[in-house]
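Enquirer:
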Amino acid sequence: MSSETGSSLSTVWHRYKQFRNESYATPLLLGIIFGILIVLPALLEVSIAGYSLGTRVSLGMLIVTLVWAYTAQSWNIMSGFTGQFSFGHAAFFGLGAYGTILLVSNYSINPWIGMLVGAVLAALYGLLIGVLCFRYDLRGHYFALATLAFAELLRFIINNIGALGGASGFIKPLPREYADGPGLLAFQFSTDLPYYYVILAFLLIVTTVAFVIRNSRFGLYLFAIREDENAAAAVGIPTFKYKLSAVAISAFFTAWAGAFWAMYFDTIRPDTVFDLLINVEILLPAIVGGLGTVIGPILGSFIVTPLSEIARQSLDLPGTDRIVYGLLLVLIVLYSPKGVVSWPKRLADLLGWQDSPTDEDAVDETHN
Amino acid sequence: MVSTSILAVSSHLSPGIVATAVGVPLQSGTTIVQLLVFALLLGGIYGLVALGLTMIFGVMDVINFAHGALMVLAMYIVWSLSSASGLTPLVFIPIAVVALFGVGILIHHFTIAPIMEAPQENQLIVTFGVMLILISSIEIAFSPNPRSYNIDLGSVGAAGVFIPEGQLYALVISITAVIGMWLFLQRTQLGRAIRGTADNRSGAKFVGINIKRIDYLTFGLGAALAGLAGAAIPLIQRFDPYIGDVYLINAFVIVVLGGLGSFPGALLGGMIIGFVQVFGQFYLPGSVYQVMIFMIFILVLLLRPEGLLGGKRT
Amino acid sequence: MNDTILETSELKKSFGALVANDGISLSVEAGEVHAIIGPNGSGKSTFFNTITGFYKPDSGSVRFDGEEITGWRSDRIARRGLGRTFQIASPFEDLTVRENLLGVYTEGLGSGIRISKEKRKRADEILELLEIPHIADHEASDISGGQQQLLELGRILMLEPECILLDEPTAGVNPALQNRILKHLRTINEQGTTFVLIEHDMSVISNIADRVTVFDQGQIVTQGSFEEVTADHRVREAYLGQSDDPNAGVADVLSDVEEQSSSVADTSDPVDVPTGGGATAVQQNIKTPKSEGRLVGTDIVTGYGNHKVIKGISVESRDGITCIFGPNGSGKSTLLKSLAGVVPAWSGTLTYNGQDITANGPHENVRLGVAMLPQDGGIFGNLSVRENLLLGGFTVDDPDVMKERMETALDAFPALRDKMADDGKSLSGGQQMMLSFARAMMTGADVYLLDEPSAGLAPSLVDDAFEMATRLVDHGAQVILIEQNVREALRIADYVYILAQGELQFEGDPTTLTDEDDLVELYLGI
Amino acid sequence: MSTHTMNMDPTVTNPSSRRSFIKYGGAAGIVGLAGCLTDDGNGNGNGNGDGNGNGATVGDSDDSVDTVVIGSNHPLTGDLSFTGTRMDNAIKLAAMLKNEQGGIESLDGAEVEVISEDNQGEQELGSEVAQELVNDGADVLTGCFSSPVTNAATRVAEREQIPFVISVSIDDDILQETPLDYVYRPQPSADRMSRDHAEIMPQVARDAGIEVETAGLFYIDISFGQSVRDTLRDALPENGVEIVQETSIDFGGTADTQVTSLREADPDVIIATTYEAGTVELLRAMDNQDYRPPVLAGCANAALNDTGELAEIGEIANGALATNFGLNPTLDETAEVRERFSEEFDQTMDANVGMSYASAQVIIAAIEEAGSGDPEDINNTLKEIEVTDHIAAMPPVTFRDDGENENALGVLFQVQDLVDRVISPEEFAEAEPTF
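Chains B, V, P and E, in that order, are what the protein sequence lines are. Its first residue numbered 1, the first sequence is counted upward by one per residue in the working numbering. Its first residue numbered 1001, the second sequence is counted upward by one per residue in the working numbering. Its first residue numbered 2001, the third sequence is counted upward by one per residue in the working numbering. Its first residue numbered 3001, the fourth sequence is counted upward by one per residue in the working numbering.
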């Protein structure tokens, strides 16, 4: 690369860095991201030079990607913001799915109401987990394993209770059984496109919530707890209450994704919604994208899910995609522990565009 | 933690305790004895499966998600060598164990060692990634078809109580492994160094122990133990590339029950899960015993997070 | 102004067998600056933690501002108006300095989701007050250690507490910044905030404290103005260590040194000191001491993160016992760890017998012959005594040598013979120390670095600790010893370094330290 | 107007070279788009209008069809893949044999091509893979073994208006909960098969003079096992059989305790409902405990209809009575297909695999009868068709309005000399029951 291009790119980087320091930067970036997402389904059809995005990326895949972006964003509030690493978010996901489907199947209660009931149930279950774990001061691995156990517990309970559908679970009823027909009110559509916009709207809501939290007093308290719980208590933050709030909010929103899942995929079973892998799929985009950031979970999901999909589609040998996926996980954790959101900065560092890292004041202090 | 006598464990297992603990209408004496035998055999295998996991956890504070996958790798190594040579699979078990030691060292070198100081979730994700890589590679190399060792094992029995030979061999391997590991940890300088590192990581530096090297050794041994457990399981049942999952989740439970890092704890935890499973399957409908297992798990986590035989809380 | 704002009565807190606070009754007047001093391990930090709800007291009560707050959660106590800082500055690292301040829980300021203008203004005021607005948008992990201390103070000020407990607010802070902190403290105090502070730096205390309480062994020794307290011989004892004769000055102590150091082996009635015979047998197995220093550190600079602790110090081991003294936070321990290779040196060089070992880790140094005893002894609690000793000989490959060393170590510490099968954690404090020494002997090192072997031991055992150190010397080793108990340590010291603020204040023969007041001044950094 | 004709290079017939197919499909996409632009009337509603990238679609200028594509959607990896890969192979074999015989006659010997994708047994991939197969030019779909996956996949077929003939998926709900216009199931559902089993199995035993009054159920504790269990709970008492013990097994589990509890209950018959592994474990444990009930039976049991598995289980399996869908032993073709299958893929055919083959035969018959590669035509044909030329042990396949096969049948087998032999109904029987 010639030094000229280097320096001009470096200028771009510095502009970008300046921009990132502005308070409107994140909302603007989010606006751009959501703008793209709104027109993305239409972009799938555009064909350029014989290659259209649609041959590789389907609407269904985008929906699944958004589902995981959404859950990761929800998970992030508890684990990324507050530092309480949950390995059992499938519990909340599953409760959302079951709350919705049970009510609509057995009592013809509108799934939107069912979703909220499921979400409240999930929040309550989250509170139960939180009260028990925080009361007994479980941290680190122990907390993660406990959340996993609470999720597995639900799976086996439902698996063994016939009234809850047992292992066969539920199939979602037809829209005419509880509403006028397919449509927004019924939470059922005859094509994928409305589903896409529903989950996009969900993502917009949870992202807004996450963004507001990120920039609010409440969020600062959560971060303080994550950084140093004792110090947080010492400056008066009611840590127990705030940790519980974070769990409840996170669980509440995660349940929506379960409800969406149930209405989109028609059937739910303990095996599918409480699956061990769901726990991983929920948290992975946040880690890959950047723990504790608002943009990270969305970017992460758009890397993790489509990449594994594209690998699956383009590698002839079944199973190779999982190897690629596994390698990706390992490489990202090893080489980019701060996630995708840190890539611009890392690139800049790599190419030597960064300002001298030494800070005048820090130097001043240490040399004194 | 590792030092407590293993013999003490077996005294926990007197039939009387178990029979009263179950507290449900008792079946014929033979049936009860038969169930006890099964519980013991299953518990032994579970204990063996948990050994490697607990070792890596105790010394390195790493939860190894790839543990199940390492077990599966060992199964296929033994199976391939045995099918290729026509010899009994038993002779290849030691080879698989050694091979897995090497695999463990490699995994540690490339994935764990660089991030030993990073937050715990990183190690969890990395080992999860390793698991995917291993399982899918095995799937591609060997197809998903179930396999079994080509040996014919019957059962021995007396007075209406049967002991399947496969289970018996597995238990013998399990006990041998525990004793062997115990001797290694108790009687050799290297073994002591591992226990010392687990006990007081910073203290270990001051007697000249290179704890980085101990980490390598530990991960290698953990993988080797996974390999041993893996190589023994086909004596009991058929296997396919996915069988590791089932044992992995149970192993998590066992390790926490017994106390992270505790060898006797792993055996005790294995026995508890073995008993809950066998008696739960017998007396409770469907898979309700699984609910029991996770309830016990949560209770222990809350009330005694250091585990039943765990010394300290990390 | 004379109301009592904070009052504890008979506050007790123990950890296992260790009684950290043994019935402390203390009252703090509203508006005063109350300093708590006392040697390491005297229970000061535990006292803070117990008052502020981080520990549950075993018994006793805490009243604050007319209200019983015993057993409250720590965050509630903070909101009630009793703030505290931590000894090790604990900023919210991923947040900016400003966010650190805004993260303080202030119910009264603003409401709802938004951070109120008032709160932002308040944060700006505090940034101004502490003269750190220029770093407001830096992440807290990127600022210097001193700035972190300022932030720690600023953060608690956001809470506008009536009373603030400060745990060593100036530890590791350069003098210029220290003055700034003191200036701020005075200003805030004048505005009506009560301060209780733990502090080791006597200049700080003389500068600011209205009243001083002295802790020792979990109890209050005395109370009074700075002058009163420092004049009190009990305080000197608490700091410099008990002397057999309470009226004896340092000079008296030192006059004993000559006689004693040559004949330690024969001293009367040491609890477990072996007879000389074993010692001479061993001497032949160990390299004969050279006259020059084996372990030499030159211009060592080191610290943690961006916190510089040691600012260019040269030390070396010498024949006999080399003592490093200095108040808490002066960097003694860090220096020793740096010599052992535990904390890598940022700059400077380390050599062992002329060989450059600057880049070595501790395990490599042990192999060469430099062994460290960490402050807590670093023993393996879940391993038996025998196993601890065997691991001490981890670097030994020859079983015969191992056996020989084991005999030597057991001859040196025969009390361990009966305990060989017991777990390390089952031993008493003194026995654990013994084990730690014996285990160190097993390494066969000829330079030992001892980090306060007497810390946390009953006074009666302190002598034993020194006895053990001299035993190592008898076996041909050079010993570097960190010690709080200056008086006692001077008895056995052959060479002395005194540190303060990470810099060397004094080095030389202990006999030159005849004037106790000089020593106190040097030591306390007045 | 048929816009769904294919413009494939006839040389692209190797089903495994999917990558080259995609490349070609992508190129064809430009032409397709151009076609759309010039032809406003392109409103057949098969999804081309919304641009789902059906690259194989070309303007309607070309009426000749060289290839008709079957999209096969099965678990090729994951814990269902042992059976899934074989089912996929069975579909391929059916196409291969058809092509060897000269292809689709009514389309001038057009080739049948199978494109396969891996759904990993995951629900979210069911629809994903179905969509990809449609995008890659599938004219008709089949799959998916796991019922939730099939459920998801059939919705895509319905939306895209591509006919979907279920290879194997036993869950009643797939067709019975929602009316679907494009989905067909040749095999009997779980309910149907369990009822047949509860009725016929005890009858056969009683005819041989064996008392069958009590039963013990052994099932895999997932959806499939539980739904068969639930039906048997109703149907067995109706046929004079009392259930005296129920015991379940999990994925990857062993069956020792279960056998002890069955032994303790001592029923006249043990009915096993599991995948291969569960029954292998059951029989191994029985062997180990030297226990054998008067009658061993299986309902929708995969192992007892798999000669490979039977050989591995050994002697103890002999005499077992199993109800399942299966292949028609009275046809020579059946034996040829079995032989060819093991030749081509070095695998054995169990009931699921055989049924998949038969489903593929139904698809091919529909294409032949439709004389068209157009999904709409094939679908219309499926509604009316009566497929007699298949190797399943069933009368001619013909679909009800809900898509279920009117003549779906679970037959009763008995394991004799470690081979599964049909003993009832009579029209397919190849052997007499022996006890």
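C-beta atoms are modelled at their ideal positions from N, C-alpha and C, and glycine is treated no differently.
Taking beta-carbon pairs under 9 Å, can you tell me which members of the region 1063-1078 of chain V lie near chain E?
Expert: For the region 1063-1078 of chain V, which is checked against every Cβ of chain E, not one residue is closer than 9 Å.
Enquirer: Any idea which residues DSSP pairs E:ASN3324 with across the strands?
Expert: E:VAL3411, per the DSSP bridge assignment.
Enquirer: Measure from the alpha carbon of P:SER1960 to the alpha carbon of each residue in P:THR2008, P:GLY2038, P:GLN2178 and P:TYR2055, then state which is nearest.
Expert: Missing from the structure shown is residue 1960 of chain P; chain P here goes from 2001 to 2526 and no further.
Enquirer: Of all the CB atoms in chain B, is at least one closer than 7 Å to the CB of E:PRO3163?
Expert: It does not; no Cβ of chain B falls within 7 Å.
Enquirer: Relative to chain V, which residues along the region 72-99 of chain B have a C-beta separation below 7 Å, given in chain order?
Expert: Result list: PHE85.
Enquirer: Could you please give the first and the last residue of the uninterrupted beta strand (DSSP E) stretch that includes E:ARG3421?
Expert: Its beta strand (DSSP E) spans residues 3419-3424.
Enquirer: Check whether the region 2323-2332 of chain P and the region 2492-2510 of chain P are in contact - that is, three or more C-beta pairs closer than 8 Å.
Expert: Segments in contact, yes.
Enquirer: Taking CB distances under 7 Å as the criterion, tell me whether V:GLY1286 reaches chain B.
Expert: For V:GLY1286, the answer is yes, since a Cβ of chain B falls inside 7 Å of its Cβ.
Enquirer: With 7 Å set as the bound, which would you pick, yes or no: does the beta-carbon of B:ASP266 sit closer than that to a beta-carbon of chain E?
Expert: Taking Cβ atoms only, chain E reaches closer than 7 Å to B:ASP266, which makes this a yes.
Enquirer: May I ask you to report which of helix, strand or coil DSSP gives P:GLY2303?
Expert: Residue state, collapsed to three classes: strand.
Enquirer: Less than 7 Å between the C-beta atoms of P:GLY2312 and P:ASP2299, yes or no?
Expert: Yes, these two residues count as a Cβ contact at 7 Å.
Enquirer: Does any residue of chain V have a CB that is nearer than 7 Å to the CB of E:PHE3082?
Expert: Chain V, which has a Cβ nearer than 7 Å to the Cβ of E:PHE3082, makes this yes.
Enquirer: If you pair each beta-carbon of the region 2440-2450 of chain P with each one of the region 2465-2483 of chain P, do three or more pairs fall below 8 Å?
Expert: Judged by Cβ distances under 8 Å, the region 2440-2450 of chain P makes contact with the region 2465-2483 of chain P, as three or more pairs qualify.
Enquirer: Among residues of its own chain, excluding the 5 on either side of P:GLY2071, which ones have a beta-carbon nearer than 7 Å to its beta-carbon?
Expert: Counting only Cβ-Cβ distances below 7 Å, and skipping sequence neighbours, we find LYS2056.
Enquirer: Measuring only the C-alpha atoms, how far is V:MET1181 from B:PRO297?
Expert: Near 44 Å, if we compare the C-alpha coordinates of B:PRO297 and V:MET1181.
Enquirer: Quick one: grab the DSSP three-state call for B:LEU315.
Expert: Coil.
Enquirer: Would a C-beta distance cut-off of 7 Å place P:ALA2371 and P:THR2322 closer than the cut-off?
Expert: Their beta carbons are not under 7 Å apart, which means P:ALA2371 does not touch P:THR2322 by this criterion.
Enquirer: Taking 7 Å as the CB-CB cut-off, is B:GLU227 touching chain P?
Expert: Yes, B:GLU227 lies at the interface with chain P (some Cβ there is under 7 Å from its Cβ).
Enquirer: May I ask which residues mark the beginning and end of the beta strand (DSSP E) holding B:ASP275?
Expert: Where B:ASP275 is concerned, there is no enclosing beta strand (DSSP E), given that its DSSP letter is neither H nor E.
Enquirer: Locate the alpha helix (DSSP H) running through V:MET1131, then write down its first and last residues.
Expert: Looking at the DSSP string, the run of the alpha helix (DSSP H) that includes V:MET1131 is 1120-1142.
Enquirer: Taking beta-carbon pairs under 7 Å, can you tell me which members of the region 2422-2447 of chain P lie near chain V?
Expert: Hits within the stretch, in order: ARG2439 and THR2443.
Enquirer: Cβ atoms of V:PRO1144 and V:ASP1240: under 7 Å apart, would you say?
Expert: Yes.
Enquirer: Pull the bridge partners of B:GLN188 from the DSSP assignment, please.
Expert: Paired residue(s): B:GLY183.
Enquirer: Where E:THR3434 and E:ARG3206 are concerned, what is the direct C-alpha to C-alpha distance, given to the nearest angstrom?
Expert: Those two C-alpha atoms are separated by around 12 Å.
Enquirer: In or out: B:ASN106 buried (at least 16 other Cβ within 10 Å) or exposed?
Expert: Its Cβ having fewer than 16 others within 10 Å, B:ASN106 is exposed.
Enquirer: I want to know whether the region 1187-1198 of chain V touches the region 1213-1225 of chain V - three or more CB-CB distances under 8 Å.
Expert: Because the criterion of three Cβ pairs below 8 Å is met, the region 1187-1198 of chain V and the region 1213-1225 of chain V touch.
Enquirer: Taking 7 Å as the threshold (beta carbon to beta carbon), is P:MET2453 in contact with chain V?
Expert: According to the sequence displayed, residue 2453 of chain P carries Pro and not Met. P:PRO2453 does not count as touching chain V.
Enquirer: Which of the residues in the region 3344-3368 of chain E, read from start to end, lie with their CB under 7 Å from any CB of chain V?
Expert: Those would be none; no residue qualifies.
Enquirer: In the DSSP output, which residue or residues are listed as bridge partners for P:GLY2297?
Expert: P:VAL2315 and P:LEU2350, per the DSSP bridge assignment.
Enquirer: If contact is defined by three or more beta carbon pairs under 8 Å, each pair taking one atom from either stretch, is the region 207-223 of chain B in contact with the region 138-146 of chain B?
Expert: The region 138-146 of chain B, when compared against the region 207-223 of chain B, does not touch it at the 8 Å Cβ threshold.
Enquirer: Please tell me whether E:VAL3140 and E:PRO3163 are closer than 7 Å, where the distance is taken between their beta carbons.
Expert: Yes. Within cutoff.
Enquirer: Give a yes or no on whether the minimum CB-CB distance between B:PRO318 and chain E is below 7 Å.
Expert: Answer yes: the Cβ-Cβ gap between B:PRO318 and chain E drops below 7 Å somewhere.
Enquirer: Excluding the 5 residues preceding and the 5 following P:SER2059 in the sequence, name in chain order all residues of the same chain whose CB lies nearer than 6 Å to its CB.
Expert: Only LYS2012 meet the Cβ criterion.
Enquirer: Between the Cα of E:SER3072 and the Cα atoms of E:VAL3165, E:GLN3176, E:ASP3108 and E:GLU3158, which residue gives the shortest distance?
Expert: Out of E:VAL3165, E:GLN3176, E:ASP3108 and E:GLU3158, E:VAL3165 has the C-alpha closest to the C-alpha of E:SER3072.
Enquirer: For P:SER2454, which option in P:ASP2474, P:LEU2472, P:PHE2325 and P:MET2433 has the closest C-alpha, if you only look at C-alpha atoms?
Expert: Taking only the C-alpha atoms, the option nearest P:SER2454 is P:MET2433.
Enquirer: Give the interface partners of P:HIS2363 over in chain V, defined as CB-CB distance under 7 Å, in chain order.
Expert: Neighbours of P:HIS2363 on chain V, chain order: LYS1205, GLY1208, ILE1209 and ASN1210.
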